[in-house]
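Residue numbers (the numbering used here), protein chains in the order written: chain A, 1 to 143; chain B, 1 to 143.
Protein chains: 2
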Amino acid sequence: MSAEAWLHQLQQSGYRLTAARRAVVETVAGSLRAITPLQVYDTARRRHRGLGLVSVYRTLERLEELGLVQRVHQPESCQAFVPASRGHQHLLICRECGRTTHFEGDDLQPLIHSISRRTGYEIAEHWLQLFGLCEDCQSRGKH
Amino acid sequence: MSAEAWLHQLQQSGYRLTAARRAVVETVAGSLRAITPLQVYDTARRRHRGLGLVSVYRTLERLEELGLVQRVHQPESCQAFVPASRGHQHLLICRECGRTTHFEGDDLQPLIHSISRRTGYEIAEHWLQLFGLCEDCQSRGKH
DNA sequence: TTACTTGCAAACGTTTTGCACGATT
DNA sequence: AATCGTGCAAAACGTTTGCAAGTAA
Numbered sequence: 001m002s003a004e005a006w007l008h009q010l011q012q013s014g015y016r017l018t019a020a021r022r023a024v025v026e027t028v029a030g031s032l033r034a035i036t037p038l039q040v041y042d043t044a045r046r047r048h049r050g051l052g053l054v055s056v057y058r059t060l061e062r063l064e065e066l067g068l069v070q071r072v073h074q075p076e077s078c079q080a081f082v083p084a085s086r087g088h089q090h091l092l093i094c095r096e097c098g099r100t101t102h103f104e105g106d107d108l109q110p111l112i113h114s115i116s117r118r119t120g121y122e123i124a125e126h127w128l129q130l131f132g133l134c135e136d137c138q139s140r141g142k143h
Numbered sequence: 001m002s003a004e005a006w007l008h009q010l011q012q013s014g015y016r017l018t019a020a021r022r023a024v025v026e027t028v029a030g031s032l033r034a035i036t037p038l039q040v041y042d043t044a045r046r047r048h049r050g051l052g053l054v055s056v057y058r059t060l061e062r063l064e065e066l067g068l069v070q071r072v073h074q075p076e077s078c079q080a081f082v083p084a085s086r087g088h089q090h091l092l093i094c095r096e097c098g099r100t101t102h103f104e105g106d107d108l109q110p111l112i113h114s115i116s117r118r119t120g121y122e123i124a125e126h127w128l129q130l131f132g133l134c135e136d137c138q139s140r141g142k143h
């Protein structure tokens, strides 16, 4: 989804369109990689000089509420965000560059049912994440 | 695995057995729930009054290196630890009380291969986590 | 005796909050 | 004009580091 669509959705939700929000949205909506608030700040500042780090946090929070971004959990840190997928998808993350790709999960329902029956847990949610190297980082490593 | 076995393994790995380590190990090894360093500190202090929070962090770090504990990533926070499973297992976590259960993953290899082929990523690791309510918390909720 | 380990205090990096000013609607 | 949003500064967290004193081997 494009930055414009995100901005539109923010506005539809009763939020005002400001230079700070535009800068953050335009930075994150276009990102293929998981980026941290500080990285967003550094990049978005090129679009809006006066941007404060606080506004990055506040905008990311709103975008997360609206389901437009999601936090990416990784072994080393859980501070980065990527544009969210529509519907339930799983994440494939490059350990090197943070590039993320969404994919449709195989049908995990049979497994989930079986675990639920076996353990007595009522299962509400699941995360499936794959970590590896994207094509670019593979070839970069071979040089 | 028991606290004794953990202590033994620490010693085998060249670490000294101290009151601080004993207190932390005895607290974490017996835990069925994911607990944070601060929770470990509060609990372990009952066993060893002079314990410092710093030693909790340092001991958890060692235990993680030795593969005796693992960090649990959850939507709200990624600070908690549980005793690790032997071999590759997946986690089932109670959203309410943090109780964790390990389970053998279904065979995800076919899925992983197919994603790898489709995306060009070289996949090195995967996480599968289920979130829900354990039996105790389900019945507690019904009262 | 030696080297490792400790707890304290201070430093750190990240995230949140209070607030007066500024901007959007 | 009214409210919402901003950036700054400061506070609040969780975690790490430097260090002198204490302890296991």
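We put the beta carbon where it would ideally sit given N, CA and C, even for glycine. The structure presented is a predicted model; accordingly, all values stated were derived computationally and were not measured.
Where do the N-terminal and C-terminal ends of the beta strand (DSSP E) with residue i fall, by residue?
i	result
residue 117/B	Not the beta strand (DSSP E): residue 117/B falls in the alpha helix (DSSP H), residues 109–119.
residue 83/B	80–83
residue 71/A	69–72
Quick check on residue i: does DSSP put it in helix, strand or coil?
i	result
residue 62/B	helix
residue 134/B	coil
residue 124/A	strand
residue 18/B	coil
residue 99/A	strand
residue 47/B	coil
residue 140/B	helix
On the premise that residue j lies in contact with residue i, defined as a C-beta separation below 8 Å, what is that separation, rounded to the nearest angstrom?
i	j	result
residue 82/B	residue 74/B	Not quite, the Cβ-Cβ distance comes to about 11 Å (not below 8 Å), so this is no contact.
residue 132/A	residue 95/A	7 Å
residue 166/A	residue 53/A	No information on residue 166/A is available, as it lies outside the stretch 1 to 143 that chain A covers here.
residue 68/A	residue 127/A	19 Å between Cβ atoms; not a contact.
residue 13/A	residue 66/A	6 Å
residue 47/A	residue 26/A	6 Å
Excluding sequence positions up to five away, which residues of its chain have a Cβ less than 6 Å from the Cβ of residue i?
i	result
residue 123/A	112 and 116
residue 129/B	91
residue 136/A	none
residue 59/B	21 and 24
residue 55/B	20
residue 134/A	94 and 99
residue 51/B	20, 23, 44 and 45
residue 148/A	Nothing about residue 148/A can be read from this structure; chain A reaches only from 1 to 143.
Does any CB atom of chain B fall closer than 9 Å to the CB of residue i?
i	result
residue 44/A	no
residue 124/A	yes
residue 60/A	no
residue 112/A	yes
residue 36/A	no
residue 87/A	no
residue 140/A	no
Please return the same chain residues whose Cβ sits closer than 7 Å to the Cβ of residue i, not counting the five positions on each side in sequence.
i	result
residue 103/A	89, 90 and 92
State the start and end residues of the unbroken alpha helix (DSSP H) segment that holds residue i.
i	result
residue 90/B	Here residue 90/B belongs to no alpha helix (DSSP H); instead the beta strand (DSSP E) covers 90–94.
residue 8/A	3–12
Does any residue of chain A bring its CB to less than 9 Å from the CB of residue i?
i	result
residue 116/B	yes
residue 132/B	yes
residue 121/B	yes
Note down, in chain order, each residue of its chain lying with its Cβ closer than 8 Å to the Cβ of residue i, except the 5 sequence neighbours on either side.
i	result
residue 17/B	7, 10 and 11
residue 121/B	115
residue 108/A	126 and 128
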